[in-house]
Amino acid sequence: MRLSKKIAPVLFSLSLFFLSACEKETIETKREIKAEEWIMSVDETEDKLNELIKSTQDVYTLYVIGKMSPDDFLVELEVQQNMLFSIQKNYTDKKSDLVIEPESSEDAKKGIASFEDLFEDINGLYVASVNQIGTPYSAAEVSFIYLNYKDKIIDDYAVYSAAVILSKNSDSGEVTADNSAEK
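In structure tokens:
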């Protein structure tokens, strides 16, 4: 009995030491990166997200014009949502090894946030298109839902795209201005 009372604190101390060493190892493996650098490196994810957005547009168009049944629409939404989650997981897995440097450009940070908001916007569209009992809303209702989310998707994509352009220009040291009004 006495021996187990002496061993327990030692084992507890060893486990705390081990856990703190693991945490330290995890923290040390994260690489700091400028937001401008990260935003420029998401090309592959952006391409996949663009494909998904185009595919989503096709699915919604077919449903709204009556060329797709509600059951087929649900199946397509599930496929689209699974693709979205896969793209998002790949993105977050890559980003989880990084820490964005605090002194990075505010524009680039906003662009990253907007890019990440796209995942939520698209998923929100999918979720909003189906009622609580799991059936899609009517084609007319879905068209209004789609238009509302499409505006948010476009807005977030515009902020992201502007940040990419600004990051490219700052990377090359190139600042361009339209001086046509001066002539």
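Here the sequence shown is numbered in the working numbering, starting from 2 and rising by one per residue. A virtual CB, placed ideally from N, CA and C, is assigned to each residue, including glycine.
Where does residue i sit, in a helix, a strand or coil, going by DSSP?
i	result
valine 195	Because the chain here runs from 2 to 184, residue 195 falls outside it and cannot be looked at.
isoleucine 113	helix
proline 71	helix
glutamate 102	coil
asparagine 180	Per-residue confidence for asparagine 180 stands at a pLDDT of 39, beneath the threshold of 50, marking its modelled position as unreliable; the derived number appears in the next sentence. Three-state DSSP puts asparagine 180 in coil, outside helix and strand.
Does the ligand ADP have a heavy atom nearer than 7 Å to the CB of residue i?
i	result
asparagine 83	Of ligands this structure carries none, so the ligand ADP is not represented either.
Using 10 angstroms around the beta-carbon of residue i, count the other beta-carbons present and answer buried if the total reaches 16, otherwise exposed.
i	result
serine 115	buried
glycine 112	buried
glutamine 58	exposed
aspartate 157	buried
alanine 36	buried
valine 80	exposed
glutamate 33	exposed
isoleucine 166	exposed
glutamate 52	exposed
If you check the beta carbons only, do residue i and residue j fall under 8 Å apart?
i	j	result
leucine 119	isoleucine 154	yes
tyrosine 150	aspartate 122	yes
serine 168	methionine 69	no
asparagine 91	threonine 46	yes
glutamine 82	tyrosine 138	no
tyrosine 64	alanine 164	no
Bridge partners for residue i per DSSP, in chain order?
i	result
glutamate 33	Val100
Tell me, please, whether the segment 141-149 touches the segment 79-91 by the rule of three or more beta-carbon pairs shorter than 8 Å. Taking a contact to require three or more Cβ pairs closer than 8 Å, the segment 141-149 and the segment 79-91 do not qualify as touching.
Check whether the segment 101-109 and the segment 64-74 are in contact - that is, three or more C-beta pairs closer than 8 Å. With the cut-off at 8 Å, the segment 101-109 and the segment 64-74 do not touch.
Are there three or more Cβ pairs, one per stretch, closer than 8 Å when the segment 96-103 is compared with the segment 125-139? Below 8 Å, too few C-beta pairs join the segment 96-103 and the segment 125-139 to call them touching: fewer than three.
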